[in-house]
Amino acid sequence: MSSDLEARVGAGFQAMASGDWAGARDEFVAVLEVDEVPEALLGLANASYWLGDLEKLLESYERVYAADVVGPIPCWQPRPRNRCLGATRPPPSRS
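Using numbering that gives the first Met the number 0, the first residue of the sequence shown is number 0, and each one after it goes up by one.
This is the structure:
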């Protein structure tokens, strides 16, 4: 991920931390217009929940799930490699 995209993802998580859900959504959408970044999809899903946009929430989760199928998502890795704000453990394994 480019440093510009990484900065925008960080800005999205900062906006979420301050309760600016619309600002967070806008940052994550801007990132996703450039590249399919899993962290941005997770952030968009979270912001969409708080904005009451359940359609976008489900769409974002479906896209991040599909991304995980083709490769590991960094923020779902065990710490200390974790790059997502608030993620503390990997998802359960799929059998």
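From the three backbone atoms N, C-alpha and C, an ideal C-beta is built for every residue, glycine too.
As the structure is a computational prediction, the values presented were derived from the model and not from experiment.
- Apart from the 5 residues on each side of it in sequence, V33 sits with its Cβ closer than 7 Å to the Cβ of L4 in its chain, given in chain order.
- In this structure R24 is in contact with S47, their Cβ atoms being roughly 7 Å apart against a cut-off of 8 Å.
- Boundaries of the alpha helix (DSSP H) around G22: W20 to L31.
- Inter-residue distance for S59 and L40 is about 5 Å (C-alpha atoms, whole angstroms).
- Ranking A21, A29, W20 and S17 by CA distance to the CA of V8 puts A29 first.
- Annotation for E38: the continuous alpha helix (DSSP H) segment containing it runs P37 to L50.
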